[in-house]
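The structure under discussion appears below in the form of structure tokens.
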Amino acid sequence: MSAKSKNSNSALDKPFARPVITKAKALASQYQIILDPEDGCWYGRGLELPNVFGQGRTEHQCVISTREALTVAVATMLEAGQTPPAPAKQGARTMQVNIRLTPEEKVLLEASAKSKGFRGISDLMRAAALSS
10 MSAKSKNSNS
20 ALDKPFARPV
30 ITKAKALASQ
40 YQIILDPEDG
50 CWYGRGLELP
60 NVFGQGRTEH
70 QCVISTREAL
80 TVAVATMLEA
90 GQTPPAPAKQ
100 GARTMQVNIR
110 LTPEEKVLLE
120 ASAKSKGFRG
130 ISDLMRAAAL
140 SS
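With the sequence shown counted from 1, adding 9 to any position gets you my numbering.
Put into structure tokens, the structure is as follows:
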């Protein structure tokens, strides 16, 4: 074990083969991260890998932590011969679903989407449904 890995808290200190970690970083960099503030801290999880988490005192630190965790998860999957999920933004959305809301429901859903870092109600609902 090198002195660097003894003194580092980075999960990327695991000795992944260079091609594996390069591919994992490239794929994980495209994954969407969902952020939630709680008690003065930020918690993040991957949309494509909802059981992979990160945290930080700031949004930026949380994104870095979560992105690193996603990279490790993808590298681990690759080493095990598994196929990591494709980035959500690569999926061609060709189907449409319509729902009717009251004006109050729409306002609440829009506020919830915005507070969680989503672009809109569709992204919020898709993340909620697909991550369970």
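Don't be surprised by glycine CBs; every beta carbon is placed ideally from N, CA and C. Quick caveat: nothing in here was measured; it's all calculated off a predicted structure.
- Remark: fewer than three beta-carbon pairs, one from each stretch, lie closer than 8 Å, so the region 95 to 110 and the region 73 to 85 are not flagged as touching.
- Taking 7 Å as the cut-off, the beta carbon of Ala136 is found closer than this to the beta carbon of Leu56.
- In this structure the region 33 to 48 lies against the region 91 to 98, because at least three pairs of beta carbons, one per stretch, are closer than 8 Å.
- Pairing Leu36 with Ile130, the inter-Cα distance amounts to about 26 Å.
- Nearest neighbour of Thr67 by Cα position, chosen from Cys50, Arg54, Asn60, turns out to be Cys50.
- Secondary structure at Asp48: coil, using DSSP grouped into helix, strand and coil.
- Straight-line spacing of the CA atoms in Glu119 and Ile30 works out to 37 Å.
- With fewer than 16 neighbouring CB atoms inside 10 Å of its own CB, Pro112 falls in the exposed class.
- Among the bridge pairs identified by DSSP, Arg109 is matched with none.
- In terms of Cβ geometry, Leu87 and Ala33 form a close pair [threshold 7 Å].
- Leaving aside the five residues that flank Asp132 on each side, the residues in its chain whose CB is nearer than 7 Å to its CB run, in chain order, Ala122.
- For Gln99, there is no enclosing alpha helix (DSSP H), as DSSP marks it with neither H nor E.
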